[in-house]
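Visitor: Residues are numbered in our numbering as their position in the sequence shown, beginning at 1, plus a constant of 27.
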Amino acid sequence: RASNLASKLESLTSMLMLDPQKQYADVVIEVLPTQLIPDDNERKVLRVRLVMKEGVKYFDPVYLFDEGS
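#1: What are the partner residues of MET79, as DSSP defines its beta bridges?
#2: Are the Cβ atoms of VAL72 and THR61 separated by less than 8 Å?
#3: Could you please give me the residues that DSSP links to ARG74 through a beta bridge?
#4: Do you know offhand how far ASN31's Cα is from ILE56's?
Here is the structure:
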């Protein structure tokens, strides 16, 4: 139950503090739990999502890793 509460608190914090700032960012890096390991409670493996705003001068899209890496 404590981990469920912590997860909900983390989501609420993100929604209230981080999400509003995304509209001003040129790049957002999201660190999320993996989807490769079912029921991963240790969270030693994470997935990363890089979101870049289009049309920013001198910004070239980057390629990190393919899906599933």
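Think of the CB as a built atom: it goes at the ideal place given N, C-alpha and C, for glycine as much as any other residue.
Guide: Working from what's here:
#1: VAL54
#2: yes
#3: LEU59
#4: 24 Å
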